[in-house]
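Heads up: the sequence shown begins at -2 in the working numbering, then just goes up one per residue.
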Amino acid sequence: MKVRCRTILVTGGSSGIGAAACIMLSEAGMTVYAASRSGRSPRPEDPGIIPICMDVNDPGSVSKAIESIKSQKGSLDAIVCCAGNGIGGAIEDTSPEEARYQFETNFFGTDNCIKAVLPLFRGQWHGRIITVTSVAGFIPIPYQGYYSAVKAALDMYMKALAIECRRFGIQCCSVMPGDVKTGFTSARKRTRGSENPDSPYYVHASRSISKMERDEQGGMPPERIARAIRRQLGRRHMKFTVVPRLDYSAIRVLERLLPTRILLWAVGLIYDK
Ligand SMILES: NC(=O)c1ccc[n+]([C@@H]2O[C@H](COP(=O)([O-])OP(=O)(O)OC[C@H]3O[C@@H](n4cnc5c(N)ncnc54)[C@H](OP(=O)(O)O)[C@@H]3O)[C@@H](O)[C@H]2O)c1
């Protein structure tokens, strides 16, 4: 693979997709800063991976991390935003606080990181921004409505950003995985209302979330997504959107072709039995 980037920051680098990306990018010869709240290295013996403590929801912590990379390396070629989490529960069973929590790390945390690197990227007239969104950003997933909404929002944000930043030589790409076997499943929080057996959604939501969790745990290894990220970083021009694996790309095509009524019926058959 052609190395177009030398120094990369990966958020959510301690686990799952971010960890796999750190390892793969380091193996490709890049210096990778693996950022997470725990500051854990995905491969402590690897000198190409530098663990860094950073909470994406704390702009002070993000700018401190970027400053430290700048002072050590002088530049940063790319940021890969993987930090994220999921909540499960019917929309009516989700409190405003729980809904905001879902947007906090996935959307505003990513926004904090991107805003922190943009001045640097503009100043050096190059920079690549990759966000890990989700198939849930174009397929509406019941009982994960806020998760679907935040991934759709992030995908649209990335497209707008791509237009705004192209004159500065900055490229943007949204990688949209389907089910991936990571710690994401065990980290998912059920909303308080959805755990109440008296909720009218209780039976369907529980069944549906259990199915999603089984699908995730039987899903792709995170290395599959890391490979897609590495491929984009090696290209002269990154794609704006990447949906790894043929079956998920086919679903994307279908989503665009099918009337919404049919799409929602089909999703309901799978996730709302
Ligand atoms: N797994 C799937 O099926 C799947 C499918 C589609 C999309 N995705 C997306 O892929 C991304 C990565 O998920 P994953 O599956 O790799 O999950 P994961 O294994 O749970 O990893 C999440 C990572 O995010 C970090 N993190 C969480 N909150 C953070 C914060 N406030 N600041 C900094 N780091 C934070 C965690 O580290 P600390 O806890 O140490 O901070 C961890 O490294 C997420 O955006 C997720 O929505 C996942």
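We put the CB at the ideal spot given by N, CA and C, even for glycine.
query, result
"Run the CB neighbour count on Arg125, radius 10 Å, all protein chains shown included, and call it buried at 16 or more, exposed below.", "buried"
"Mind checking Thr257: buried by the 16 CB within 10 Å criterion, or exposed?", "exposed"
"In the DSSP assignment, what residue or residues form a beta bridge with Arg204?", "DSSP lists no partner for Arg204."
"Please classify Glu213 as buried or exposed, where buried requires at least 16 neighbouring CB atoms within 10 angstroms.", "buried"
"Relative to the C-alpha of Ser207, which residue among Ala223, Gly26, Pro116 and Asp269 is closest?", "Asp269"
"When the Cα atoms are used, what is the spatial distance from Arg224 to Ile14?", "10 Å"
"Is it the case that the CB of Thr102 approaches a heavy atom of ligand 1 more closely than 7 Å?", "yes"
"Return the chain-ordered ranges of every alpha helix (DSSP H) run that is complete within the segment 172 to 221 and spans a minimum of 4 residues.", "181 to 184 and 199 to 214"
"Can you list, in chain order, the residues of its chain with a C-beta nearer than 8 Å to that of Ile5? Leave out the 5 residues immediately preceding and following it.", "Leu22, Met27, Thr28, Val29, Tyr30, Leu73, Asp74, Ala75, Ile76, Val77 and Leu230"
"Tell me the DSSP secondary structure of Tyr144 in three-state form.", "helix"
"Helix, strand or coil: which one does DSSP assign to Thr8?", "strand"
"Looking only at C-alpha atoms, which of Asn103, Ile20, Ala247 and Ile111 sits nearest to Val147?", "Asn103"
"Given this structure, state the Cα-to-Cα distance separating Cys2 from Ala25, to the nearest angstrom.", "10 Å"
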